[in-house]
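Q: Got a structure here, written out as structure tokens. Questions coming.
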Amino acid sequence: MQISPALRRTAAAAALVLALPAFAAVLKTDPAKSSVSAVFKQMNVPVEAKFKKFNAQIDYDAAKPETAKASLDLDIPSFDLGDAEYNKEVQKKEWFNGAQFPKASFVSTAIKPGAAGKLDVTGKLTIKGKTADVAFPLTVKKEGAAQVFEGALPIKRLAFNVGEGEWKDTSMVADEVVIKFRVVAAQ
Amino acid sequence: MPRYTIPAIVLHWLIGLLIIGAFALGITMVDIPGITPTKLKYFSWHKWIGITVLGLACLRLLWRLGNRAPSYPASMAAWQQSAAHGLHGLLYILMFAIPASGYFYSLAAGVPVVYLGVVPMPALIGPDPELKPLLKSVHYWLNMTLLALFVLHVAAALKHQFIDRDGVLKRMLP
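Protein sequence lines, in the order shown, are assigned to chains G and S.
Every number in our numbering is 81 more than the matching position in the first sequence, counting from 1.
Every number in our numbering is 2 more than the matching position in the second sequence, counting from 1.
Quick look at the structure:
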């Protein structure tokens, strides 16, 4: 039996398309619509500060969520409290020590379907050179043509030495800080 | 000579002391370089005092609307009576405008106010980097205006007491 070149091309294309999902699940994120911020409490006053630069990588296929992988790199010097003087201050040694540790990162170790349609994500979070295991629920939803990944991860800042010396006093700045993120990706 | 009512006298002195405290704290805290726990503490206290002044000012205005202020002595010139009314009117306006401008400045800076560290106050506006420097200078210049008017207010009271000796100050003394 003779296979026409056209048919062969079609078959090859079909094979490629079938094979694609395994490789093409790394989503193209939209940095302009995505955001990562930290909410901390100073004398019970919630203050939200944004990471202006970050890089989120999400490898996600809705049909196989358990194969998903996610990682996030945060640019520490881009941490913005909305005030130039404060921004300079938090880069100092006792806070982020941005000169020595300019990157914070999160790398997922496991993603499993969890309660209420959410995904349970576990992974390793590194801030100021310290790594800790963290777990948080991740919400995945569709907004128009985009996929949106949202979540909040409460951490203890002192576990990462963020706030040394007199700033260890948690009555001024609470130990718990919530990292909030919203990553928008094209389908 | 008729005196102010007791609630009016209490509110006058209480608000006066709180304003002096908030003013001193404000001048002190903005001079602390960088950020220190003390500085953050002073900012919070300053805001709490401001909210307290605003609340008491509302009570005071209500009381003032329902109760007449004692009249001035007949010996006081008409222009002086008008000047006194005008000055008191301006002080009333600043009593509201200064805490309000500080409140909105804090909100524009992205720092909501939690009264006494317990009661979250409404975030009437969100963080606004453009409004922030504007509200900062409004808050500052309203305070400088208050300082000037305060000096006039005290000078006038002392003049009535020690030069005119007409008992005007006694109407407000505790």
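Every residue gets a Cβ at the ideal spot worked out from N, C-alpha and C, and that includes glycine.
No experiment lies behind these values; they were computed from the predicted model shown.
Mind checking residue 139 (chain S): buried by the 16 CB within 10 Å criterion, or exposed?
A: Exposed is the call here.
Q: Does the Cβ of residue 267 (chain G) have 16 or more other Cβ atoms within 10 Å, making it buried, or fewer, making it exposed?
A: Exposed is the call here.
Q: Just to confirm before moving on: does the CB-CB distance between residue 100 (chain S) and residue 169 (chain S) stay below 9 Å?
A: In this structure, residue 169 (chain S) does not lie closer than 9 Å to residue 100 (chain S) by Cβ.
Q: Measuring only between beta-carbons, confirm whether residue 172 (chain G) sits less than 9 Å from chain S.
A: So no, residue 172 (chain G) is outside the interface.
Q: Mind checking whether residue 264 (chain G) and residue 139 (chain G) have CB atoms under 9 Å apart?
A: Yes. Within cutoff.
Q: Looking only at C-alpha atoms, which of G:146, G:243 and G:159 sits nearest to residue 222 (chain G)?
A: Checked all of G:146, G:243 and G:159; the closest Cα to residue 222 (chain G) is G:146.
Q: Looking at the unbroken beta strand (DSSP E) that takes in residue 219 (chain G), where does it start and where does it end?
A: 211–224 is the span of the beta strand (DSSP E), which, as asked, contains residue 219 (chain G).
Q: In or out: residue 110 (chain G) buried (at least 16 other Cβ within 10 Å) or exposed?
A: With 16 or more other Cβ atoms within 10 Å, it is buried.
Q: Quick check: what's the CA-CA separation for residue 135 (chain G) versus residue 153 (chain G)?
A: The straight-line gap from Cα to Cα measures roughly 7 Å.
Q: Within the continuous beta strand (DSSP E) that includes residue 228 (chain G), where are the two ends?
A: From DSSP, the beta strand (DSSP E) with residue 228 (chain G) extends over 227–237.
Q: Since residue 113 (chain S) meets chain B, which of its residues come closer than 7 Å, beta carbon to beta carbon?
A: No chain B appears in the structure shown, which is made up of the protein chains G and S.
Q: Can you tell me the Cα-Cα spacing of residue 153 (chain S) and residue 144 (chain S), whole angstroms?
A: Whole-angstrom Cα-Cα distance: 14 Å.
Q: Can you pull the chain G neighbours of residue 46 (chain S), defined as C-beta to C-beta under 9 Å?
A: Here the neighbours are 123, 124, 125 and 126.
Q: Thinking residue 61 (chain S) and residue 94 (chain S) are a contact (beta carbons under 8 Å), I'd like their distance in whole angstroms, please.
A: Incorrect: roughly 13 Å between the Cβ atoms, too far for contact.
Q: Identify whether residue 172 (chain G) lies in helix, strand or coil by the three-state DSSP scheme.
A: The answer is coil: DSSP assigns residue 172 (chain G) none of H, G, I, E or B.
Q: Cβ of residue 141 (chain G) less than 9 Å from any chain S Cβ?
A: It does not; no Cβ of chain S falls within 9 Å.
Q: Per DSSP, what kind of secondary structure is residue 245 (chain G) in: helix, strand or coil?
A: DSSP places residue 245 (chain G) in coil when its eight states are reduced to three.
Q: So which residues on chain G does residue 37 (chain S) lean against when the C-beta distance must stay under 7 Å?
A: Those are 167 and 170, listed as they occur along chain G.
Q: For residue 164 (chain G), return the contacting residues in chain S, with the cut-off set at a CB-CB distance below 8 Å.
A: Under the 8 Å cutoff, chain S gives 111.
Q: Please list, in chain order, all residues of the same chain as residue 188 (chain G) whose beta carbon is under 7 Å from its beta carbon, the five residues on each side excluded.
A: Closer than 7 Å at the Cβ level, and outside the excluded window around residue 188 (chain G), lie 152, 204 and 205.
Q: DSSP three-state label for residue 132 (chain G), please.
A: DSSP places residue 132 (chain G) in strand when its eight states are reduced to three.
Q: Could you confirm whether any beta carbon from chain G is found closer than 9 Å to the beta carbon of residue 42 (chain S)?
A: Output row for residue 42 (chain S): interface = yes.
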